[in-house]
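Visitor:
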Amino acid sequence: RALVSADGEPEERLIEAALRPKNLDDFVGQKRVRRQLSLVLEASRMRGRSADHVLLSGPPGLGKTTLAMIIAAEMNAPLRISSGPAIQHAGDLAAILSSLTEGEVLFLDEIHRMSRPAEEMLYMAMEDFRVDIVVGKGAGATAIPLELPPFTLVGATTRAGLLPGPLRDRFGFTGHLEFYSVDELELVLRRSAGLLDLKLSGAGFSEIASRSRGTPRIANRLLRRVRDWALVHGVPQIDARAASAALEMYEVDVRGLDRLDRAVLQALIGKFNGGPVGLSTLAIAVGEEMETVETVAEPFLVREGLLGRTPRGRIAMPAAWDHLGVPRPEGMPA
Ligand code: ADP
Numbered sequence: 029r030a031l032v033s034a035d036g037e038p039e040e041r042l043i044e045a046a047l048r049p050k051n052l053d054d055f056v057g058q059k060r061v062r063r064q065l066s067l068v069l070e071a072s073r074m075r076g077r078s079a080d081h082v083l084l085s086g087p088p089g090l091g092k093t094t095l096a097m098i099i100a101a102e103m104n105a106p107l108r109i110s111s112g113p114a115i116q117h118a119g120d121l122a123a124i125l126s127s128l129t130e131g132e133v134l135f136l137d138e139i140h141r142m143s144r145p146a147e148e149m150l151y152m153a154m155e156d157f158r159v160d161i162v163v164g165k166g167a168g169a170t171a172i173p174l175e176l177p178p179f180t181l182v183g184a185t186t187r188a189g190l191l192p193g194p195l196r197d198r199f200g201f202t203g204h205l206e207f208y209s210v211d212e213l214e215l216v217l218r219r220s221a222g223l224l225d226l227k228l229s230g231a232g233f234s235e236i237a238s239r240s241r242g243t244p245r246i247a248n249r250l251l252r253r254v255r256d257w258a259l260v261h262g263v264p265q266i267d268a269r270a271a272s273a274a275l276e277m278y279e280v281d282v283r284g285l286d287r288l289d290r291a292v293l294q295a296l297i298g299k300f301n302g303g304p305v306g307l308s309t310l311a312i313a314v315g316e317e318m319e320t321v322e323t324v325a326e327p328f329l330v331r332e333g334l335l336g337r338t339p340r341g342r343i344a345m346p347a348a349w350d351h352l353g354v355p356r357p358e359g360m361p362a
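Numbering (our numbering), first residue to last: 29 to 362.
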């Protein structure tokens with residue numbers, strides 16, 4: 029088995045692929061989405077038709093790509109993967125669409141980042157399985173209609189609200205993925221540990237799960253780092269102490285906040301007195317893009333009760349002061 033490829037960290041990538049659940053039954057959590065999706069797929073199979081287009085939204089690492097792969101597998105269909113940022117011209121999309129085979133599943137990650145002309149081409153493709161290929165320029169330009177075989181589009185976005193209405197409306201089913209509970213993350217970790225042949229105590233699993241930011245991708249990544257730590261330290265079975273010692277090294281704190289999460293809270297409290305402060309100002313203060321702060325850091329901080337969104341801007345919640353170990357301002361309610 030070749031472990032070496034040109035794009036670096038090949039072993040990591042192979043492991044990530046190996047840990048992906050291959051069917052809906054192995055997919056942990058997200059019960060509601062799983063049940064709804066399973067019905068959509070079952071009905072299309074009974075009708076002998078390709079499934080309706082599916083939109084998946086939620087923060088990174090919650091299983092959108094995995095679900096797209098499962099949809100293709102359950103429909104016994106080939107899968108094509110591309111992403112919004114890779115489609116900058118309508119022609120890029122036309123090339124993909126015109127090479128699809130009947131029933132194929134097309135996964136478009138970060139679909140909200142497609143260019144406008146490509147987006148408009150996609151509307152027609154989704155609705156009528158047809159595109160107009162424009163040949164030539166200016167007054168001499170002609171549109172050549174091209175029929176497409178029926179296909180299933182699976183779009184993924186970090187926030188459904190980032191999508192223009194007309195695009196959102198063309199999906200037959202929208203699934204919102206939620207952060208996972210610690211118990212669910214433990215299940216993800218147990219499954220992964222089994223596949224990697226790793227031994228952990230129950231407390232070892234919960235230590236990693238509770239620091240995983242509600243995110244399976246992070247859980248699996250932390251498990252691999254703990255695995256490295258255990259290997260180097262010659263620890264055969266990983267308990268809570270080994271897990272926490274390993275994770276301290278990677279700047280993952282007890283609540284699972286990573287460096288960006290903490291930077292956001294530190295800026296809010298240290299520079300803006302707890303806010304309210306506008307998103308763009310906050311993003312500049314932490315040196316990140318607005319979209320990253322909004323779709324990666326914020327959803328988790330809001331869920332943890334550390335950050336609030338108000339009409340006047342972002343505020344630090346009382347728990348944020350406690351978490352950073354900074355005394356709360358006087359008069360702040362408990
Ligand atoms: P996204 O596309 O939302 O960023 P992915 O589908 O790539 O996330 O998932 C990231 C990793 O997390 C995958 O490699 C997979 O192993 C794991 N994972 C995601 N969701 C689940 C789940 N529900 N059950 C088990 N593992 C999961």
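No residue lacks a Cβ here, since even glycine has one placed at the ideal position from N, Cα and C.
Under 8 Å by Cβ, that's how I've got Leu217 and Phe207 pegged, so tell me the actual separation to the nearest angstrom.
Guide: That pair is no contact at about 15 Å.
Visitor: Could you compute how far the alpha carbon of Ile161 sits from the alpha carbon of Thr180?
Guide: When rounded, the distance between both Cα atoms is 20 Å.
Visitor: Throw me the rounded Cβ distance for the Thr202 and Ala221 pair, which I believe falls under 8 Å.
Guide: That belief does not hold up - the Cβ atoms of Thr202 and Ala221 are roughly 33 Å apart, past 8 Å.
Visitor: Can you grab the Cα-Cα spacing for the pair Ser33 / Gly262, in whole Å?
Guide: Residue placement at Ser33 is poorly supported in this model, since its pLDDT is 41, which falls under 50; the coordinates still yield a value, given next. Each residue's alpha carbon lies about 29 Å from the other.
Visitor: Does the Cβ-Cβ distance between Ala186 and Pro88 come in under 8 Å?
Guide: Sequence check: residue 186 is Thr here, not Ala. Against a cut-off of 8 Å, the Cβ pair of Pro88 and Thr186 comes out as a contact.
Visitor: Give the DSSP bridge partners of Asp350, in chain order.
Guide: None; Asp350 has no bridge partner.
Visitor: Do the CB positions of Arg108 and Leu134 come within less than 8 Å of each other?
Guide: Going by C-beta atoms, Arg108 is nearer than 8 Å to Leu134.
Visitor: Are Trp257 and Ala270 touching if we call contact CB-CB under 8 Å?
Guide: Yes, Cβ-Cβ distance for Trp257 and Ala270 is below 8 Å.
Visitor: Give me, in chain order, the residues of the same chain whose beta-carbon lies closer than 6 Å to that of Ser238; leave out the 5 immediate sequence neighbours on both sides.
Guide: So the qualifying residues of the chain are Val210.
Visitor: Short of 6 Å in beta carbon distance, which residues of its chain neighbour Ala348, apart from the five on each side in sequence? Order them along the chain.
Guide: Hits under 6 Å: Leu293 and Leu334.
Visitor: Just tell me which of Ala344, Leu205, Glu147 and Ile236 has its CA closest to the CA of Leu195.
Guide: Closest by alpha carbon: Glu147.
Visitor: In angstroms, rounded to a whole number, what distance separates the CA positions of Arg144 and Pro192?
Guide: So the two alpha carbons sit approximately 10 Å from each other.
Visitor: Mind listing which residues have their beta carbon within less than 5 Å of any non-hydrogen atom of the ligand ADP? Chain order is fine.
Guide: Answer in sequence order: Glu44, Leu47, Arg48, Pro49, Phe55, Val56, Pro88, Gly89, Leu90, Gly91, Lys92, Thr93, Thr94, Val216, Pro244 and Arg245.
Visitor: Exposed or buried, what is Ser78 when buried is set at 16 or more other beta-carbons lying within 10 Å of its beta-carbon?
Guide: Counting Cβ neighbours within 10 Å, Ser78 comes out buried, since at least 16 surround it.
Visitor: Which residues does DSSP list as the beta-bridge partners of His204?
Guide: DSSP lists Ser85 as partners of His204.
Visitor: With DSSP as the reference, please indicate the residues paired to Ile343 in a beta bridge.
Guide: Note: Ile343 sits in a beta bridge opposite Gly336.
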